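Inspection log for the structure reproduced underneath, given as C-alpha cells.
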Amino acid sequence: MTPPNKAAARAAKLRDLINHHSYLYYVLDRPEIPDVEFDRLLRELQTIEADHPALITPDSPTQRVGAAAVAAFGKVHRDIPMLSLANAYDEAELHAFDRRVREGLGIEQVEYNAEPKLDGLAISLIYRDGVFVQGATRGDGVVGEDITRNLRTVHQVPLRLRGSYPALLEVRGEVYMPTASFEALNAEALARGEKLMANPRNAAAGSVRQLDPRITAVRRLELFCYGLGSLEGMEHPAYQHEVLERLRGWGFPVNGEQRLVVGAAGCQAYYEDIQSRRVRLDYEIDGVVFKVDAVAGQRELGFVARAPRWAVAYKFPPKEELTVLKAIEFQVGRTGALTPVARLEPVRLAGVTVSNATLHNVAQIERLDLRVGDTVIVRRAGDVIPQVMGVIESRRPKEVPPFDMPTLCPECGSQVIRPEGEVIAHCSGGLYCPAQRKQAIRHFASRRAMDIDGLGEKLIDQLINRNLVSSPADLYTLDEATFAGLERMAERSAAKLHAAIAKSRETTLARFLYALGIPEVGEATAQQLAASFGDLAPLIEADEERLQQVPDIGPIVADNIAGFMREPHNRKVIDELRERGVHWPAVEVVVVNEGALAGKTFVLTGTLETLTRDAARERLQAQGAKVAGSVSRKTDYVVAGADAGSKLDKAQELGVAVLDEKALLDLLGA
Ligand code: IVH
4 MTPPNKAAAR
14 AAKLRDLINH
24 HSYLYYVLDR
34 PEIPDVEFDR
44 LLRELQTIEA
54 DHPALITPDS
64 PTQRVGAAAV
74 AAFGKVHRDI
84 PMLSLANAYD
94 EAELHAFDRR
104 VREGLGIEQV
114 EYNAEPKLDG
124 LAISLIYRDG
134 VFVQGATRGD
144 GVVGEDITRN
154 LRTVHQVPLR
164 LRGSYPALLE
174 VRGEVYMPTA
184 SFEALNAEAL
194 ARGEKLMANP
204 RNAAAGSVRQ
214 LDPRITAVRR
224 LELFCYGLGS
234 LEGMEHPAYQ
244 HEVLERLRGW
254 GFPVNGEQRL
264 VVGAAGCQAY
274 YEDIQSRRVR
284 LDYEIDGVVF
294 KVDAVAGQRE
304 LGFVARAPRW
314 AVAYKFPPKE
324 ELTVLKAIEF
334 QVGRTGALTP
344 VARLEPVRLA
354 GVTVSNATLH
364 NVAQIERLDL
374 RVGDTVIVRR
384 AGDVIPQVMG
394 VIESRRPKEV
404 PPFDMPTLCP
414 ECGSQVIRPE
424 GEVIAHCSGG
434 LYCPAQRKQA
444 IRHFASRRAM
454 DIDGLGEKLI
464 DQLINRNLVS
474 SPADLYTLDE
484 ATFAGLERMA
494 ERSAAKLHAA
504 IAKSRETTLA
514 RFLYALGIPE
524 VGEATAQQLA
534 ASFGDLAPLI
544 EADEERLQQV
554 PDIGPIVADN
564 IAGFMREPHN
574 RKVIDELRER
584 GVHWPAVEVV
594 VVNEGALAGK
604 TFVLTGTLET
614 LTRDAARERL
624 QAQGAKVAGS
634 VSRKTDYVVA
644 GADAGSKLDK
654 AQELGVAVLD
664 EKALLDLLGA
C-alpha cells in the first residue's frame, strides 16, 4: 500500500493525467496514448482510492462509473432561466425574424452565429472553482431535476475545467445519443423482441433521466455545449462565437458546424448547406439556430414570453410522420429468414417520398399488434431504410382483424417455422427455396461440408444464373462439357471440378448432415446427431422430443431439424442426392443410456435449492437418463423446484410422476 502522504500526491497527479487524456479522447477525438495505458492509469487510481477512501474527490475520474440508484431526483432552482426558442419553418419566416432584429437594433445588416439545433435533451452544468458540482435537466426552465450522478457518467462532461476559470460557471448544452449508438441499442432490443426506442432524442432523455446511474453509464451519450448561465468572477464574453471559444478552452465539447453568417441570405445558405449534409452527420439535428452574435445586441432586443427576440430555430422537415399501412409483405433472405416489409400510403419524410418501410422481424409485428389499415409512425434516419416505429391505436378502423402470419414461404411454398421464443421466422425449405439457393450450394460445397474443391462463389453464381442447378443434388448431374462451357473455365479445371464433385459422393454422415445447412446445426451438432442416430433414416423420422435427447440439442435446434426434415421439398433433394450416389459408411451408434436410470426421461422445471439445473441434468445423464425440454406422455418424471410453472401443470394434467428435489437426490443415490 502506498503511504498516505505519497498516495495523496500520486492520486492528484493521476487525476490530472486521466482527465487530460479523457479530454483528448472524448472531446478532441485525438487520443495520445493507447487504451491499455489509459486503463492502467485508471486502475492505479482506483487502487489508491480503494486503499484510502478519504482521498476520493468529486472530480475524480473514478466517479464516472455509475453510482447506486436513487428513489427520486432532487430539484434544482436556477437564477437565470433556461429559455426556449421561437421557430421558423420557411424562408419567409426567416426573413421576418431578420427584419424584426434589424428594426429592433436599427441596423442594416446583422451578424448571426449559426449552429445546428441538436436533437437531444437540454441540460445545465455547474462548476465551482473549476470542479463539476451539479448537473440538471431543463425542467420548466427555472426548476429542473438534479441529474448530477447520471451526468458524471457522460465522458464528455468535464469533471474539472481546463485553463483559468471563474469561481462560478453555469454551462448549458445538449446531451444526445449518437445515431450509431441509438441504432445499436435498437438492434439489441429487436434481437430480444423488445420495444424499440422511438428516436435518439427519446433514447437520450430516457437514459439521462434514469434513477439508476449504472444504466446511464452503459448508454453511449455525448454532449455539445452552446451557452452560459450564471457566471461569477468573470465578464460575459461580448459575442456568442466567443462564448463557444471559451467553452472549448475550458474543455467542453462544442459542435464543429458553427459559423458566423450575415443577414437572412447568409442564414438561408447555412440552412441549405447543413440540410444537404444532415443524413451524414453522426447525430440528429432537427434544424439550425441563428443567434445575434453581439451580446450587446441580444441585451438590447431582450425577450418575449419565454423566448429571446435575438434567436430563432429554423426547423428541418420532420423525419417522422404518420401514414397508413396498406399491406405487409415478406421478403426471404439468403439464409431463409423472413423479413416483413410494410407497404405504406406514400408520405414525405425529411425531403423524400417513402412508400415502403422495414418491420425487421415477425416478432415486431406481434409486439406492435400491427394490422393492415393501421395508422403508423414511420421514421427515416440517415441512409437506413425507413422503419415503422409504432401504431396509433386510437386511429385503428373498426373491426380490422389481427394480422395473419404466413405459414408458407412466399418464394417456394415450404413451411415457415419459428421455434417458440424466437423473433425470426424461417422458410424451412433450405435445400429447395430459390431465395436460399446460392447460400445453400455454397455451404454444401464448403470444405468442412462436402468439400468440393474448386467450386467457388463465382462458379456457383454462374451455374444458378444459367439455370444449370437449382439444388445441391443437381451438381451431380453435370458433365465435364457443361463446366467447360462456363466463363473463365479451362478444360483442365473443368475436368478437375467434375472429378472433385464425383469424389465428394463418398462422405460421412456427419459431413452430410452439416452440408444440409439446417439452421443452427453446425459441425459439432452434426457429429452428435450422426453418433446418436447412426443413419439418416431414423433421424428423418425423429420427433422433437427424441431429438432433444441428443446431447446439446435444445428445443430450438430440435424444432429446426424436425421442421427441415418434415419439409417434402427438402426430402426430395435428399433422396436425389442419395440416388445420385452420395453415400457414407455406417456409424456405430453411441449408446449413452447405460446406468441405473437408463431409458428414463426426466424434465426439470423451477428452481432447485441445492443443485443448479445444469448440475441436475449432468447427474441424471451420468446415470443414463434422458433430460428433455418439454413434458409429454413419454416423460417418466418431472422434477419440480420452486416457482415451477406450466411444465408442472402439464405433468399433473398427463399424470406424470412429479419429484421434489429431495426425491431426486434419493433417486440419484446421494
Ligand atoms: S440556444 C435562449 N442552441 O433547443 C437560447 N438551443 O427550443 C436557448 N437546442 O431547449 C437555447 N441545439 O434544448 C440553443 N445550438 C443550440 C441548440 C439548442 C439544441 C435546444 C435546446 C433548447 C431548445 C430550444
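Oh and the sequence shown: position 459 is 462 in the numbering used here, straight run, nothing missing.
Using N, Cα and C, we set each Cβ at its ideal position, and we do this for glycine too.
Here the structure is a predicted model, which means the values were calculated and not measured.
Every residue whose Cβ sits closer than 6 Å to any heavy atom of the ligand IVH is listed here in chain order: L86, S87, L88, E118, K120, L121, A125, R141, E177, Y229, G230, V292, P311, A314, A316.
For L226 and D372, the gap between their C-alpha atoms comes out near 36 Å. In the structure shown, the three-state DSSP call for S63 is coil. Across the structure, P321 and A206 are spaced so that their CA atoms are roughly 17 Å apart. In terms of Cβ geometry, R262 and A117 form a close pair [threshold 8 Å].
Annotation: the continuous alpha helix (DSSP H) that includes D54 extends over 38 to 54. Residue nearest to V295 within the set L88, N470, V221 is L88 (criterion: CA-CA distance). Nearest in C-alpha terms to I455, of all of P422, A484, I420, A497, is A497. A53 and T615 have their C-alpha atoms roughly 34 Å apart. For D285, the three-state secondary structure derived from DSSP is coil. The alpha-carbon separation between R67 and P84 amounts to approximately 28 Å. Cβ atoms of I331 and V375 come within 8 Å of each other, at about 7 Å.
DSSP places I521 in the coil class of the three-state scheme, outside both helix and strand.
Annotated three-state conformation of Y130 is strand, per DSSP. When the beta-carbon positions are compared, Y130 and Y168 come within less than 8 Å of each other.
In the pairwise beta carbon analysis, the segment 177 to 197 is classified as not touching the segment 236 to 254: fewer than three pairs are separated by under 8 Å. Taking a cut-off of 8 Å for Cβ pairs, the segment 637 to 645 and the segment 598 to 618 touch, as three or more such pairs fall below it. For R569, the enclosing alpha helix (DSSP H) covers residues 558 to 569. Residue pairing from DSSP places Y317 in a beta bridge opposite A91, V291. A distance of 8 Å or more separates the beta carbons of G259 and G166. Assigned with DSSP and collapsed to three states, G209 falls in helix. Counting other Cβ atoms within 10 Å of its Cβ, H239 stays below 16 and is therefore classed as exposed.
A contact is defined here as three or more CB-CB pairs under 8 Å, and the segment 179 to 199 fails this definition with respect to the segment 92 to 107.
In terms of Cβ geometry, P161 and F41 do not form a close pair [threshold 8 Å]. Per the coordinates, the alpha-carbon of E114 lies some 18 Å from the alpha-carbon of E275.
Using a 10 angstroms sphere on the CB of H80, the tally of other CB atoms stays under 16, which defines it as exposed. Using a 10 angstroms sphere on the CB of V145, the tally of other CB atoms stays under 16, which defines it as exposed. Distances from the alpha-carbon of P349 to those of T338, F319, P389, L341 put P389 closest. When the alpha-carbon of Q439 is set against those of S417, G142, L458, the nearest one is in S417.
Between the beta-carbon of A267 and that of V292 there is about 15 Å, and that puts the pair past the 8 Å contact cut.
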